[in-house]
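Taking numbering that gives the first Met the number 0, the leading residue of the sequence shown gets 0, the next gets one more, and so forth. Think of the CB as a built atom: it goes at the ideal place given N, C-alpha and C, for glycine as much as any other residue.
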Amino acid sequence: MRILKFGGSSVGSAERILNVCNIVETAATSRRPVVVVCSAVSGVTDNLIAMAKAAASGDSTYLASLQNVKTRHEEIAHTLLGAHLAI
0 MRILKFGGSS
10 VGSAERILNV
20 CNIVETAATS
30 RRPVVVVCSA
40 VSGVTDNLIA
50 MAKAAASGDS
60 TYLASLQNVK
70 TRHEEIAHTL
80 LGAHLAI
């Protein structure tokens with residue numbers, strides 16, 4: 000079995016995710032089973048921790064950070080879907 004783990008800058012943009020897809024596709028052509036593990040995009044884990052601390056302390060500024068994380072992921076998804084589904 001081959002385990003491929005990607006996170007941080009390797010999944011930090013649509014272009015980098017497409018690169019990961021190519022790596023996974025190549026690995027999948029082998030006879031060995033492939034397991035793919037993906038963690039948060041670059042900087043998001045630190046943002047999530049900061050947002051959790053702010054929310055726990057009653058500081059509503061976490062909402063703006065949450066919107067930024069959401070927007071970033073939506074932009075990546077839109078780029079990827081547009082590239083593969085011609086949307």
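- Task: Identify every run of the alpha helix (DSSP H) within the region 12 to 41, keeping only runs that are complete inside it and at least 4 residues long; order them along the chain.
- Result: Residue ranges of uninterrupted alpha helix (DSSP H) with 4 or more members, entirely inside the region 12 to 41 and ordered along the chain, are 13 to 27.
- Under the DSSP definition of a beta bridge, which residues are partnered with Lys4? In the sequence shown, the residue the question calls residue 4 occupies position 5. As DSSP reads the structure, Lys4 sits in a beta bridge with Val36.
- Query: With burial defined as no fewer than 16 other Cβ atoms inside 10 Å of the residue's Cβ, what is the status of Gly50: buried or exposed?
  - Reply: Numbered from its first residue, the sequence shown carries residue 50 at position 51. What sits at residue 50 in the sequence shown is Met, not Gly. Per the 10 Å Cβ criterion, buried.
- Taking only the alpha-carbon atoms, compute the straight-line gap between His77 and Asn67 and give it to the nearest angstrom. Within the sequence shown, the letter at position 78 stands for residue 77. Within the sequence shown, the letter at position 68 stands for residue 67. About 15 Å.
- May I ask which residues mark the beginning and end of the alpha helix (DSSP H) holding Asp45? Within the sequence shown, residue 45 is the residue found at index 46, counting from 1. Asp45: member of the alpha helix (DSSP H) spanning Val43 to Ala55, first to last residue.
- Message: For Ile86 and Arg71, I'd like the C-alpha separation in whole angstroms.
- Response: Position 87 of the sequence shown holds residue 86. Position 72 of the sequence shown holds residue 71. Confidence in Ile86 is poor, its pLDDT being 46 and thus under 50, which makes the residue's placement unreliable; the coordinate value appears in the next sentence. Near 18 Å, if we compare the C-alpha coordinates of Arg71 and Ile86.
- Query: Less than 9 Å separating the beta-carbons of Leu3 and Val43?
  - Reply: Here residue 3 refers to the residue found at position 4 of the sequence shown. Here residue 43 refers to the residue found at position 44 of the sequence shown. No, they are not a contact pair.
- Quick one: what does DSSP say Thr60 is sitting in, helix, strand or coil? Working through the sequence shown from its first residue, we reach residue 60 at position 61. It is coil, neither helix nor strand.
- Query: Roughly how many angstroms separate the alpha carbons of Asp45 and Pro32, rounded to a whole number?
  - Reply: For the purposes of this step, residue 45 is taken as the residue at position 46 of the sequence shown. For the purposes of this step, residue 32 is taken as the residue at position 33 of the sequence shown. If you draw a straight line from the Cα of Asp45 to the Cα of Pro32, it is about 32 Å long.
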